[in-house]
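S.K.: Note that the sequence shown covers residues 465 to 603 in my numbering.
We put the CB at the ideal spot given by N, CA and C, even for glycine.
On a predicted model such as this, the values are computed, not experimentally measured, just so you know.
Okay, handing you the structure first.
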Amino acid sequence: MSNFIKVEIVKVDVKARKFEKTEDFVAEEAPIQVFIGRKHYATIFCTPRDVKELVIGNLLSEGIVKNVGEIDKINVRENGACHVTLKSTVNTESRLKLARQLYRVIPSACGGQHQPLALRQIKKVNSKLSVRAETVQCC
């Protein structure tokens, strides 16, 4: 299965000051809904490959599980849902409280996770500031 799709893009050559419409391959991305027990834990935007490993890595890095042995089973479905069942010895409720948020969105882009509700509270900035492409490129 390929994880790339062909799309129309605008190729920008800053030095030559040229724009060109062309087709190119970009990485495919899909939302994976992660459930722990019956509770929605997170939505992870990712290339839909090795999802089980990605979810295990996220649960470990976020402290939801202390080791892989605390996971009873993981079921990844074709519809983008991933259901995780922790062992009965794990207090799932207390571990999920560590997640700090009831609804988490984890984008694949730079910047890590964000809260959509918090983003709505940010006031719009109206500005006539203009930045040249060369300035952005050098940073």
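1) Using a 10 Å radius around the Cβ and a threshold of 16 neighbouring Cβ atoms, would you call ILE496 buried or exposed?
2) How many Å lie between THR511 and GLU487 at the Cα?
3) Should ARG513 be labelled buried (16 or more other beta-carbon atoms within 10 Å of its own) or exposed?
4) For the candidate residues ALA506, SER552 and LYS537, whose alpha-carbon lies nearest to that of ASN522?
5) May I ask you to list the residues that DSSP assigns as paired with VAL498?
6) With a CB to CB cut of under 7 Å and the five nearest residues on each side skipped, what residues in its chain are close to PHE468?
7) State the DSSP-derived secondary structure class of VAL554, mapped to helix, strand or coil.
8) Let me know if LEU518 comes out buried or exposed under the rule of 16 or more other beta-carbons within 10 Å of its beta-carbon.
9) If you run the structure through DSSP and keep just helix, strand and coil, what is LYS475?
10) Does the beta-carbon distance from LYS537 to THR549 come in below 8 Å?
11) Pull up the DSSP beta-bridge partners for LYS443, would you.
12) Which one of VAL540, PHE509, LEU524 and ASN543 has the shortest CA to CA distance from ARG559?
M.R.: To lay it out plainly:
1) For the purposes of this step, residue 496 is taken as residue 32 along the sequence shown, with counting starting at 1. Under this definition ILE496 is a buried residue.
2) Counting from 1 along the sequence shown, the entry for residue 511 is found at position 47. Counting from 1 along the sequence shown, the entry for residue 487 is found at position 23. Cα-Cα distance, rounded: 20 Å.
3) The residue given as residue 513 occupies position 49 in the sequence shown. Answer is exposed; the Cβ neighbour count stays below 16.
4) Start at 1 with the first residue of the sequence shown, and residue 522 comes out as number 58. Of the listed residues, the one whose Cα sits closest to ASN522 is ALA506.
5) For the purposes of this step, residue 498 is taken as residue 34 along the sequence shown, with counting starting at 1. Note: VAL498 sits in a beta bridge opposite ALA506 and CYS546.
6) As a first step, residue 468 is located in the sequence shown; it is residue number 4 there, counting from the start. So the qualifying residues of the chain are PHE489, VAL490, ALA491 and GLU492.
7) Taking the sequence shown and counting its residues from 1, one reaches residue 554 at position 90. VAL554 sits in coil when the DSSP states are folded into three classes, being neither helix nor strand.
8) Locating residue 518 in the sequence shown gives position 54, counting from the first residue. LEU518 should be labelled buried.
9) As a working note, residue 475 is residue 11 in the sequence shown. Of the three classes helix, strand and coil, the one that applies to LYS475 here is strand, per DSSP.
10) Here residue 537 refers to the residue found at position 73 when the sequence shown is read from its first residue. Here residue 549 refers to the residue found at position 85 when the sequence shown is read from its first residue. THR549 is positioned such that its CB atom lies closer than 8 Å to that of LYS537.
11) An answer regarding residue 443 cannot be provided, because it is not within the stretch 465 to 603 covered by the chain.
12) The count along the sequence shown starts at 1 and reaches residue 559 at position 95. The residue with the shortest Cα to Cα distance from ARG559 is LEU524.
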